[in-house]
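S.K.: The structure that follows is given in the form of structure tokens.
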Amino acid sequence: MKLITPIMALCLLVSASISHAADPNLARNLAATCANCHGTNGNALKGSGMDALAGMEKEKILQKLADFKSGDKPASIMHQISKGYTDAQLDLIAGYFAARK
Amino acid sequence: MMLMKRRDFLKAGAAASVVASLYGCSAGTKAGGHVVVVGGGYGGATVAKYLRMWSEGGVQVTLIERNPVFISCPMSNLVIGGTKTMDDITVSYDNLKNKWGVRVIQGMVTGVDAAKKTISLNDGGSMSYDRLVLSPGVDFMFDQIPGLDNVDAQSKILHAWKAGPQTIALRKQLESMQDGGVYAISIPKAPYRCPPGPYERACLVANYFKQSKPKSKVIILDANEDVMSKKALFTKAWSDLYKGIIEYRNNSEVKDVEVATNTAVLEFDKFKADVLNIIPPHRAGDIAAKSGIKLINNRWVDINWLSMESTNTPGIHVLGDAVFPAPTMPKSGHMANQHGKLAAAAILNLLAGQEPNPEPVVMNTCYSFVDAKNVIHVSSVHQYDAATKLVQPVKGAGGVSAARNELEGKVAIGWAKNIWADMLA
Numbered sequence: 425m426k427l428i429t430p431i432m433a434l435c436l437l438v439s440a441s442i443s444h445a446a447d448p449n450l451a452r453n454l455a456a457t458c459a460n461c462h463g464t465n466g467n468a469l470k471g472s473g474m475d476a477l478a479g480m481e482k483e484k485i486l487q488k489l490a491d492f493k494s495g496d497k498p499a500s501i502m503h504q505i506s507k508g509y510t511d512a513q514l515d516l517i518a519g520y521f522a523a524r525k
Numbered sequence: 002m003m004l005m006k007r008r009d010f011l012k013a014g015a016a017a018s019v020v021a022s023l024y025g026c027s028a029g030t031k032a033g034g035h036v037v038v039v040g041g042g043y044g045g046a047t048v049a050k051y052l053r054m055w056s057e058g059g060v061q062v063t064l065i066e067r068n069p070v071f072i073s074c075p076m077s078n079l080v081i082g083g084t085k086t087m088d089d090i091t092v093s094y095d096n097l098k099n100k101w102g103v104r105v106i107q108g109m110v111t112g113v114d115a116a117k118k119t120i121s122l123n124d125g126g127s128m129s130y131d132r133l134v135l136s137p138g139v140d141f142m143f144d145q146i147p148g149l150d151n152v153d154a155q156s157k158i159l160h161a162w163k164a165g166p167q168t169i170a171l172r173k174q175l176e177s178m179q180d181g182g183v184y185a186i187s188i189p190k191a192p193y194r195c196p197p198g199p200y201e202r203a204c205l206v207a208n209y210f211k212q213s214k215p216k217s218k219v220i221i222l223d224a225n226e227d228v229m230s231k232k233a234l235f236t237k238a239w240s241d242l243y244k245g246i247i248e249y250r251n252n253s254e255v256k257d258v259e260v261a262t263n264t265a266v267l268e269f270d271k272f273k274a275d276v277l278n279i280i281p282p283h284r285a286g287d288i289a290a291k292s293g294i295k296l297i298n299n300r301w302v303d304i305n306w307l308s309m310e311s312t313n314t315p316g317i318h319v320l321g322d323a324v325f326p327a328p329t330m331p332k333s334g335h336m337a338n339q340h341g342k343l344a345a346a347a348i349l350n351l352l353a354g355q356e357p358n359p360e361p362v363v364m365n366t367c368y369s370f371v372d373a374k375n376v377i378h379v380s381s382v383h384q385y386d387a388a389t390k391l392v393q394p395v396k397g398a399g400g401v402s403a404a405r406n407e408l409e410g411k412v413a414i415g416w417a418k419n420i421w422a423d424m425l426a
């Protein structure tokens, strides 16, 4: 018991710090960091050469991002930017854009 | 986008402050209230639009901007280099007004009373706020270059480091210069607005000279000990494209100017140019110091990175070039736009009685033209770190172009169109 208690306490602490109350608008906020280039809510201007992400399938966005991260998909800049986000953040971003019109 | 309260808001007109205080009383989980935004550049225009969009019209927003239209600093070096026009870098505030219901006032804020939560305007009026956003950009420390500390000198020796009349005036000086002349640009010690901007300008002026005035020279007088951004890419462009035209001098801080002879005075040397382009050291826009909010080094605003709120004055948020930057964070238009969104999200939470998002992220991309078509970039992503209470650059992310290329020249134009729309359309 003497050993288990501090370990349990530590586990509780760790899980508490990982699952600290996430902002309900976290996906929206993260996706907004992409909007400078990809348009507000993923609606890039037509003919601007940027991927419009609004309404794109979530799996397709995630695959593109994974390929940028791994280097499988050649890129001018997205290989550098995608590495700045955790996989959990990219999942939220992809889900947010997929749900837009 | 339905803006349910827009009509009520517009009706309120001059009585906006009264309306605002009423909104301010309506506590609940949904954000309401009146936010006043000072400065309609990359930070201010973004926070104004996103507050209206994300609150679905629930939060009233007044934007106070001294200029009638938005003129972009990014891309303005192309106007100076002669391959773009002012029209290409000018965007109207009409969509902010008509589509998003932002009340846009052309004017200047002359004072802030943080205790009473009011601002005063140059027309003598005043206005109350629930939250204030200052996005004032930079003002120049002309006292650091005594010869430039008067209006006459400033009309002759230009900075063109705020896009607008000086952009056109510098272009005219370059057009009037005879072939065989010398253009000198001085760079202040970091931190300054747009780290790669002066080197880009040197390239684009050299590009103009190469085509139209091939005997002319470009001299870079850099107060810093080395090129501050994209060094390998810029120096390669200078040797590949502008050999014999661009000359770079480090540790060359301009201490003064002799206006009559267009001469820059360095510590141990003097330098006479035909066109002298001095970028003086700068600091947060004057209204920051006037508001009484905490500055670092008497220059840049100290903010809380969870909310962009002043560390000593609750209720005042500050964006963009005016803030004391987090580690490796550039003073850029792109970053100011990101600050605007971070602040908009935090302000809506605070107005609804909730804590700001505990894990904000901001990122930067910056494209520089080295000639009319070829571009190089730098990028970075910054995540909030609870231990240091700063947004910290993510190791292994970000970077620069492999080499200058025309594809990114097209991307850079697409970037400008999309970010202007993200702020203003």
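So the sequence lines, in the order shown, correspond to chains B and U.
For any residue, its number in this note's numbering is found by taking its place in the first sequence, counting from 1, and adding 424.
For any residue, its number in this note's numbering is found by taking its place in the second sequence, counting from 1, and adding 1.
Note that the Cβ used here is the ideal one computed from N, Cα and C, for glycine as well.
1) Using 9 angstroms as the threshold, is the C-beta distance between Val219 (chain U) and Tyr193 (chain U) below it?
2) In the DSSP assignment, find the alpha helix (DSSP H) that holds Met54 (chain U) and state where it starts and stops.
3) Does the beta carbon of Ala523 (chain B) come closer than 9 angstroms to any beta carbon on chain U?
4) Taking all protein chains shown into account, do 16 or more other C-beta atoms lie within 10 angstroms of the C-beta of Arg67 (chain U), making it buried, or fewer, making it exposed?
5) According to DSSP, is Ala17 (chain U) part of a helix, a strand, or is it coil?
6) I'd like to know if Gly29 (chain U) contacts chain B, where contact means its C-beta is closer than 9 angstroms to some C-beta of that chain.
7) Which full runs of the alpha helix (DSSP H) of 4+ residues lie inside the region 294-345 of chain U, going along the chain?
8) Between the region 457-476 of chain B and chain U, which residues of the former have a C-beta closer than 9 angstroms to a C-beta of the latter?
9) Determine, using beta carbons only, whether Ile188 (chain U) and Val258 (chain U) come nearer to each other than 9 angstroms.
10) Can you give me, in chain order, the residues of the region 497-510 of chain B that have a beta carbon less than 7 angstroms from any beta carbon in chain U?
11) Put Asn406 (chain U) into one of helix, strand or coil per three-state DSSP.
12) Below 8 angstroms, can you find three or more Cβ-Cβ pairs linking the region 308-324 of chain U to the region 343-359 of chain U?
13) State yes or no: is the C-beta of Ile120 (chain U) within less than 9 angstroms of the C-beta of Val37 (chain U)?
14) Closer than 7 angstroms by C-beta to Gln513 (chain B): which residues in its own chain qualify, once you throw out the five before and the five after it? Chain order, please.
15) At the level of alpha carbons, what is the spacing between Phe325 (chain U) and Ala285 (chain U)?
16) What are the residues of the region 365-390 of chain U that lie near chain B, defined by any Cβ-Cβ distance shorter than 7 angstroms?
17) Just checking my contact of Ile169 (chain U) with Ile221 (chain U) at CB under 8 angstroms: how many whole Å lie between their CB atoms?
18) By the criterion of Cβ-Cβ separation under 8 angstroms, what are the contact partners of Leu408 (chain U) in chain B?
19) Taking only beta-carbon atoms, is Asp447 (chain B) less than 9 angstroms away from chain U?
20) So which of U:Pro282, U:Asp88, U:Leu52 has the shortest CA-CA distance to Asn225 (chain U)?
21) Give the secondary structure of His462 (chain B) by DSSP, where H, G and I count as helix, E and B as strand, and everything else as coil.
22) May I ask you to report which of helix, strand or coil DSSP gives Pro394 (chain U)?
23) Exposed or buried, which one is Lys271 (chain U) when buried takes at least 16 other CB atoms within 10 Å?
M.R.: In short:
1) As a first step, residue 219 (chain U) is located in the second sequence; it is residue number 218 there, counting from the start. As a first step, residue 193 (chain U) is located in the second sequence; it is residue number 192 there, counting from the start. Cβ distance not < 9 angstroms, so Val219 (chain U) and Tyr193 (chain U) don't count as in contact.
2) By 1-based counting over the second sequence, the position of residue 54 (chain U) is 53. DSSP places Met54 (chain U) inside the alpha helix (DSSP H), whose first and last residues are 43-55.
3) To locate residue 523 (chain B), count along the first sequence from 1; it is residue 99. False, the Cβ-Cβ gap to chain U never drops below 9 angstroms.
4) Residue numbering aside, residue 67 (chain U) sits at position 66 when the second sequence is read from its first letter. That one is exposed.
5) If you number the second sequence from 1, residue 17 (chain U) lands on position 16. Interpretation of Ala17 (chain U) is limited by its pLDDT of 40, a score under 50 that renders its predicted location unreliable; the figure taken from the coordinates is listed afterwards. Ala17 (chain U): helix per DSSP, three-state reduction.
6) Numbered from 1 along the second sequence, position 28 holds the residue referred to as residue 29 (chain U). Bear in mind that the predicted position of Gly29 (chain U) carries a pLDDT of just 45, short of 50, making it unreliable; the figure below should be weighed with that in mind. False, the Cβ-Cβ gap to chain B never drops below 9 angstroms.
7) Runs found: none.
8) Taking 9 angstroms as the Cβ-Cβ cut-off against chain U, the residues of the region 457-476 of chain B that qualify are Thr457, Cys458, Ala459, Asn460, Cys461, His462, Gly463, Thr464, Asn465, Asn467, Ala468, Leu469, Gly471, Ser472, Gly473, Met474.
9) One-based indexing of the second sequence puts residue 188 (chain U) at position 187. One-based indexing of the second sequence puts residue 258 (chain U) at position 257. No, Cβ-Cβ distance for Ile188 (chain U) and Val258 (chain U) is not below 9 angstroms.
10) Cβ contacts with chain U come from Ser500, Ile501, Gln504, Ile505, Lys507, Gly508, Tyr509.
11) Counting from 1 along the second sequence, the entry for residue 406 (chain U) is found at position 405. Strand.
12) By the Cβ test, the region 308-324 of chain U is in contact with the region 343-359 of chain U, since at least three Cβ pairs between them sit closer than 8 angstroms.
13) Locating residue 120 (chain U) in the second sequence gives position 119, where the first residue counts as 1. Locating residue 37 (chain U) in the second sequence gives position 36, where the first residue counts as 1. The answer is yes: Cβ separation under 9 angstroms.
14) Position 89 of the first sequence, counted from the first residue, corresponds to residue 513 (chain B). Result list for Gln513 (chain B): Leu454, in chain order.
15) Here residue 325 (chain U) refers to the residue found at position 324 when the second sequence is read from its first residue. Here residue 285 (chain U) refers to the residue found at position 284 when the second sequence is read from its first residue. So the alpha carbons of these two residues sit roughly 9 angstroms apart.
16) The region 365-390 of chain U vs chain B, Cβ under 7 angstroms: Thr366, His378, Ser380, Val382.
17) Counting from one through the second sequence, the residue named residue 169 (chain U) turns up at place 168. Counting from one through the second sequence, the residue named residue 221 (chain U) turns up at place 220. Contact between Ile169 (chain U) and Ile221 (chain U) fails: their C-beta atoms lie close to 22 angstroms from each other, not under 8 angstroms.
18) What you label residue 408 (chain U) is simply residue 407 of the second sequence in a count that begins at 1. Result: Ser500.
19) As a working note, residue 447 (chain B) is residue 23 in the first sequence. Cβ-Cβ to chain U under 9 angstroms: yes for Asp447 (chain B).
20) If you number the second sequence from 1, residue 225 (chain U) lands on position 224. Considering only alpha carbons, the answer is U:Pro282.
21) Within the first sequence, the letter at position 38 stands for residue 462 (chain B). It is helical.
22) Within the second sequence, numbered from 1, the residue matching residue 394 (chain U) stands at position 393. It is a strand residue.
23) Working through the second sequence from its first residue, we reach residue 271 (chain U) at position 270. In summary, Lys271 (chain U) is exposed, with fewer than 16 beta-carbon neighbours lying within 10 Å of its beta-carbon over all protein chains present.
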